[in-house]
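Enquirer: The opening position of the sequence shown corresponds to residue 1 in full-length UniProt numbering, with each subsequent residue numbered one higher.
The C-beta atom is built at its ideal place from N, Cα and C for all residues, glycine as well.
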Amino acid sequence: MKSEITGVTRANEGIQGISWNILGQTYVPKSCAENSFSWHATLPPGTFVPPHIHPDQDEYLYMLEGKLDFMLGNSEAQATPGDLIRLGMGVPHGIFNKSDQTAKVLFWVSPTKKLFDLFWGLHNMKEQKPEDVVAMAAEFNIHFLPPPPGAG
């Protein structure tokens with residue numbers, strides 16, 4: 001992977017014009033280098049990122065709009081605009097939009113590892129069946145867990 005390229009990624013654009021559909025959410029990559037990968041995510045009401053673990057990445061979310069509920073290890077939390085959510089490597093976490101409003105979030109991970117490639121793979125699936133998403137994610141060292149009671 002190359003070093004980051006200096007420049008501006010415009011507000012409603014992804015790098016190289018990329019936009020992915022992942023589990024009913026829109027992910028727009030903003031930067032990608034060996035040490036960090038960021039993307040803007042739009043999470044419509046009722047969507048979620050199932051509980052999972054990044055064994056070798058720290059993940060961060062900066063809330064721009066809306067409200068999200070989180071499973072963070074063995075606890076739960078909520079976040080609203082301006083909040084920063086820190087998800088340490090190896091800690092199980094899940095992200096849920098239980099509200100009636102769309103949430104917009106800036107995500108990033110460090111280091112990048114294979115997450116950029118995983119998002120391409122998921123986006124290119126003809127149908128994102130849960131068992132296929134879980135299997136593909138495991139190939140990229142992202143490990144999904146059973147959803148908590150009442151999720152989704």
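Specify the secondary structure class of residue 116 as computed by DSSP and reduced to three states.
Expert: In the displayed model, residue 116 falls within a helix according to three-state DSSP.
Enquirer: What is the residue span of the alpha helix (DSSP H) that residue 136 lies within?
Expert: Run containing residue 136: 130 to 139, per the alpha helix (DSSP H) assignment.
Enquirer: How about the stretch 78 to 88 and the stretch 20 to 28: do they share at least three Cβ pairs that are nearer than 8 Å?
Expert: No, the stretch 78 to 88 does not touch the stretch 20 to 28.
Enquirer: Nearest CA to the CA of residue 4: which residue from 115, 33, 17?
Expert: 33
Enquirer: Can you give, in chain order, each stretch of the beta strand (DSSP E) that sits fully within the UniProt domain "Cupin type-2" (40 to 108) and has at least 3 residues?
Expert: 48 to 53, 58 to 65, 68 to 72, 75 to 79, 84 to 87, 93 to 96
Enquirer: Would you kindly check if the distance between the Cβ of residue 92 and the Cβ of residue 73 is under 8 Å?
Expert: yes
Enquirer: What does the Cβ neighbour count give for residue 120, buried or exposed, with the cut at 16 atoms within 10 Å?
Expert: By the neighbour-count definition (other C-beta atoms within 10 Å, threshold 16), residue 120 is an exposed residue.
Enquirer: For the candidate residues 69, 54, 40, 143, whose alpha-carbon lies nearest to that of residue 15?
Expert: 40
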